[in-house]
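If you read the sequence shown in the working numbering, its first letter stands for residue 30, the second for the next number, and so on.
All residues carry an ideal CB built from backbone N, CA and C; glycine is no exception.
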Amino acid sequence: MQFLDLHTHIAALQPEVLRIQSLHLSEATFLAMPKQKPISIGLHPWYTKFADFPTLQKYLKVIAQQANVRMIGECGLDKLRGEDLSLQLEMLRFQVQLGDSLNKPIILHCVKAFDELIALKNSLQPKVPLIIHGFQKNAQLATQLLGQGFYLSVGASGLKSPSLSGFLKEYTGPVFLETDQGEVSIELIYEMYADLKKISVEKLKDIIFANWQQVGLLPY
Ligand SMILES: [Zn+2]
Numbered sequence: 030m031q032f033l034d035l036h037t038h039i040a041a042l043q044p045e046v047l048r049i050q051s052l053h054l055s056e057a058t059f060l061a062m063p064k065q066k067p068i069s070i071g072l073h074p075w076y077t078k079f080a081d082f083p084t085l086q087k088y089l090k091v092i093a094q095q096a097n098v099r100m101i102g103e104c105g106l107d108k109l110r111g112e113d114l115s116l117q118l119e120m121l122r123f124q125v126q127l128g129d130s131l132n133k134p135i136i137l138h139c140v141k142a143f144d145e146l147i148a149l150k151n152s153l154q155p156k157v158p159l160i161i162h163g164f165q166k167n168a169q170l171a172t173q174l175l176g177q178g179f180y181l182s183v184g185a186s187g188l189k190s191p192s193l194s195g196f197l198k199e200y201t202g203p204v205f206l207e208t209d210q211g212e213v214s215i216e217l218i219y220e221m222y223a224d225l226k227k228i229s230v231e232k233l234k235d236i237i238f239a240n241w242q243q244v245g246l247l248p249y
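As structure tokens, then:
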């Protein structure tokens with residue numbers, strides 16, 4: 030069974046890894062869209078100028094329909110970078126609704142705007158899974174977000190956080206693993222998580238596979 034990497038910006042092809050490569054939509058990506066490998070694509074809050082939103086919105090509506098686009102994003106909210114939060118919210122709302130209409134999960138970036146993210150979910154009530162990537166906050170916030178129906182994807186830094194890893198050790202619901210910028214390999218992240226859960230990597234592979242099935246990302 031393959032290692033499953035939910036969110037990465039690394040393009041490498043390895044037969045033992047199924048990864049969803051995350052692309053930021055721009056004119057350049059629009060013109061050179063991968064047609065085969067699994068990707069997610071969306072408007073990253075760091076890089077998207079609201080002035081370009083009308084054009085990018087049209088592009089995204091078209092390419093989001095490609096079969097290899099497995100999720101919409103990463104998209105989201107960031108109070109430290111990018112456009113004003115009200116503008117970020119408008120762009121995010123569009124992407125959540127688009128994913129919902131295409132039945133594709135949303136992969137989310139969120140920095141210091143979790144209350145706003147929860148409010149947006151409650152107002153839109155999408156049927157598709159909303160997955161917060163790179164989660165590395167504390168157990169209390171994890172509990173709150175899971176209680177609101179979000180999913181969490183964690184990488185090496187999340188697993189190294191004492192509060193979060195303490196929580197994940199006991200948590201039995203679905204969690205996703207990711208490499209994001211790729212500093213730590215997915216194989217090593219599986220090992221870290223298997224250690225934490227006191228299970229074998231083989232057993233963990235089965236669990237993560239079932240989690241992907243649960244949100245509709247497998248079978249591929
Ligand atoms: Zn990322």
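Heavy atom of ligand 1 within 7 Å of residue i beta-carbon
| i | result |
| --- | --- |
| GLU103 | yes |
| HIS36 | yes |
| ASP209 | yes |
| SER186 | no |
| HIS162 | yes |
| SER51 | yes |
Alpha carbon of residue i to alpha carbon of residue j, nearest angstrom
| i | j | result |
| --- | --- | --- |
| LYS90 | VAL125 | 12 Å |
| GLY202 | SER182 | 12 Å |
| ILE228 | ALA239 | 16 Å |
| PHE123 | ASN167 | 29 Å |
| ASP224 | LEU146 | 32 Å |
| GLU112 | GLY105 | 11 Å |
| VAL230 | ILE236 | 10 Å |
| GLN210 | ILE218 | 13 Å |
| LEU85 | PRO44 | 33 Å |
| GLN177 | SER152 | 12 Å |
| VAL213 | TYR88 | 33 Å |
| LYS232 | PHE143 | 32 Å |
| TYR249 | PRO83 | 32 Å |
Inter-residue CB distance, residue i and residue j (contact presumed, cutoff 8 Å)
| i | j | result |
| --- | --- | --- |
| SER244 | TYR180 | It is worth fixing the name first, because residue 244 is Val in this sequence and not Ser. That belief holds up - the Cβ atoms of VAL244 and TYR180 are roughly 7 Å apart, short of 8 Å. |
| SER51 | ILE136 | 7 Å |
| HIS73 | HIS162 | That pair is no contact at about 11 Å. |
| PRO63 | MET100 | PRO63 to MET100, Cβ: 14 Å. No contact. |
| TRP241 | LEU60 | Not quite, the Cβ-Cβ distance comes to about 30 Å (not below 8 Å), so this is no contact. |
Any chain C beta carbon closer than 8 Å to residue i
| i | result |
| --- | --- |
| TYR222 | Included in the structure is just one protein chain, with no chain C present. |
Member of the options whose CA lies at the smallest distance from the CA of residue i
| i | options | result |
| --- | --- | --- |
| GLN117 | ILE68, LYS78 and GLY178 | LYS78 |
| PHE196 | ALA41, SER229 and LEU174 | LEU174 |
| LYS156 | GLU231, LEU127, GLN169 and GLY176 | LEU127 |
| HIS38 | GLN31, ILE49, MET30 and GLU45 | ILE49 |
| ILE284 | GLN154, LYS226 and GLN65 | This structure cannot speak to residue 284, because the chain is shown only from 30 to 249. |
| ALA185 | GLU199, GLU207 and GLY176 | GLU207 |
| ALA96 | ARG110, ALA148 and ILE68 | ILE68 |
| SER192 | GLU103, ILE70 and THR172 | THR172 |
| LEU131 | PRO248, LEU121 and VAL98 | VAL98 |
| ALA148 | LEU121, GLN169, GLN165 and PHE164 | LEU121 |
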